[in-house]
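Below is one structure, written out as structure tokens; comments come after it.
In my numbering, the protein residues as written are 13 to 531.
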């Protein structure tokens, strides 16, 4: 039986709840009217129920803090198969539930709210305003300083200024919102997705789909239970160039593919060391922390730099590395986890400025011996066959180089040039590309089209696909942090005989921002 407990952050003593009862999951199931917050009348709005929840303790960020924890539990083999089938099989056989009010006609307007509007969130806004009959009705961010620019961006493009919120729960309580587009930091992805599914919203969630492997599984369960369309933002799957490369490889012309190497080399500036300080005016820091551990505000761990700290991010491997593992797994047609994983790296040159490595090499081997190699370098580096980021695919008959501007094949001992394709060529042949004049909106357009059709199977990157691709990076990070070669059971989603590694499959949650055991 899975037990819940409150934990004192300072001494990490686990204290069982009174009478052995399971702790209340304050937000889990709020939109299921049969599972509202205990004592809250059924007529209460989500906003009122949020206000009635137990207050968060330790608000000064310096004292002893109350957190919600749970141990990582084995996933039974039959449950894994059942849950995966619920998404990939059963849902494909019948339409998913409607999002909010029915928006099946292309002439009806779908309303979207964007959570997180800095960097990638601004990209979300830029692309949604290009889609016909899609309205950005609300933007949500914990930093009020960002609102004026984002509101102006949407108003200039559409003539309709969106409303602003700092708490995603207020957005989810709006029945007129059909979908939530999540570009918040990684540690918020799962909880926001699950809450949105429970609220009857469809979801576009940025990569990596989840912060941890257990969270990814909960997201799959939520999508299946509440019959939601959930697209993951690995947008390379919608680019005509990448689609053409995958089609070529799936034709078998390269022979049996036995290995894919994924270099991602991007120089990152030194983030330096900054002292703790009060949060800036307009920043709702408690909401930004959400599920993460309570700690003082530090500008060096805040905007974008959160990627490089384990509480909130997954390093470069879990950042851009997910784009690489996703396309590699798509090429290999793998709907399973790798069996063996090893990862080496370090925080080179700049020790002490961040927690995650700035150079890392991860090798993942599937049960059939097929391998995926992911290497990220954040310092000065050479290229690989002229690419600083891309895919090198090796088959029994030859190999392929896939870059962001084109792909090419080579055969035999003398690397005889074979078929190739440039981005401009395939874009010129793509009606989808030509309709927008760019490939940027295509992944978002696919999401909206699936919202209208309720056809889960037409999503370019559904939540199961997103989970499997993110898990490859999570496993690489776990192997790096433990310093061991992992053996991973794809059916149970557990490391075999390594309980220390299994502790990294989930996380300690800060009450009340808890990803529930049952969604």
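Idealized CB from N, CA, C, for every residue including glycine.
Below 8 Å between beta carbons: does that hold for residue 294 and residue 443?
no
Can you list, in chain order, the stretches of the beta strand (DSSP E) that have 3 or more residues and sit fully within the segment 393-454?
403-407, 410-414, 418-423, 428-434
Nearest CA to the CA of residue 285: which residue from 489, 452, 363, 176?
363
Residues in the same chain with beta-carbon distance under 6 Å from residue 87, minus the five sequence neighbours each way, listed in chain order, please.
Here the model assigns residue 87 a pLDDT of 46, short of 50, so the residue's position is not dependable, and the following value carries that caveat. For residue 87, where only same-chain residues beyond five positions count, the Cβ hits under 6 Å are 504, 505.
Of the choices 384, 335, 373, 154, whose alpha-carbon is the least far from that of residue 247?
335
So, with DSSP's three-state summary, where would you put residue 163?
helix
Return the residue from the list 289, 324, 268, 438 that minimises the CA-CA distance to residue 300.
324
Let me know the secondary structure DSSP gives residue 135 once reduced to three states.
helix
Thinking just about the alpha-carbon of each residue, which of 180, 254, 459, 139 is nearest to the one in residue 166?
139
In this structure, how does DSSP classify residue 309 when only helix, strand and coil are distinguished?
coil
Where does residue 205 land, buried or exposed, given buried means 16+ other C-beta within 10 angstroms?
buried
C-alpha gap between residue 308 and residue 291, whole angstroms
9 Å
Give every residue of the same chain whose Cβ lies closer than 7 Å to the Cβ of residue 97, excluding the five residues on either side of it in the sequence, and list them in chain order.
Summary for residue 97: the model assigns pLDDT 47, below 50, so the residue's position carries little reliability; its value from the coordinates is reported in the next sentence. Result list for residue 97: empty, nothing under 7 Å.
In angstroms, rounded to a whole number, what distance separates the CA positions of residue 78 and residue 303?
Caution applies to residue 78, whose pLDDT of 35 falls short of 50 and renders its modelled position unreliable; the model cannot decide the point.
Since I believe residue 407 is in contact with residue 422 (beta carbons under 8 Å), could you give me their beta-carbon distance rounded to a whole number of angstroms?
The Cβ separation is near 10 Å, so there is no contact.
Among 216, 162, 179, the one whose alpha carbon lies nearest that of residue 454:
216
Coil, strand or helix - residue 267 by DSSP
coil
When you compare each of 200, 382, 267 to residue 424 by their alpha carbons, which one comes out closest?
267
When you compare only the Cα positions, how much space is there between residue 365 and residue 283?
7 Å
Check residue 513 in the structure and name its three-state DSSP category.
helix
Neighbourhood of residue 389 by C-beta, 7 Å cutoff - its chain only, sequence neighbours within 5 removed
277, 371
May I ask you to verify whether the segment 496-503 touches the segment 343-354, counting CB pairs closer than 8 Å and requiring at least 3?
yes
Are the CB atoms of residue 173 and residue 145 nearer to each other than 8 Å?
no
Rounded Cβ spacing between residue 148 and residue 183 (contact assumed at less than 8 Å):
Incorrect: roughly 12 Å between the Cβ atoms, too far for contact.
Just verifying my parser: in three-state terms, what is the DSSP assignment at residue 123?
strand
Classify residue 210 as buried or exposed, calling it buried when 16 or more other Cβ atoms lie within 10 Å of its own Cβ.
buried
Validate contact between the segment 255-266 and the segment 483-494 using beta carbons, cut 8 Å, 3 pairs:
no
Please report the residue range of the alpha helix (DSSP H) in which residue 154 lies.
Premise fails: residue 154 is in no alpha helix (DSSP H) and is neither H nor E.
Reduced DSSP secondary structure (H/G/I, E/B, other) of residue 385:
strand
So, helix, strand or coil for residue 356, using DSSP?
strand
For residue 373, which of helix, strand or coil comes out of DSSP?
strand
Since residue 162 and residue 151 are thought to touch, with beta carbons under 8 Å apart, how far apart are those beta carbons, to the nearest angstrom?
5 Å
The beta strand (DSSP E) that contains residue 187, what's its start and end?
Looking at the DSSP string, residue 187 is not in any beta strand (DSSP E), and its letter there is neither H nor E.
Terminal residues of the continuous alpha helix (DSSP H) containing residue 341?
333-344
Classify residue 234: buried if its beta carbon has 16 or more other beta carbons within 10 angstroms, exposed otherwise.
buried
Which two residues bound the contiguous beta strand (DSSP E) that contains residue 175?
175-177
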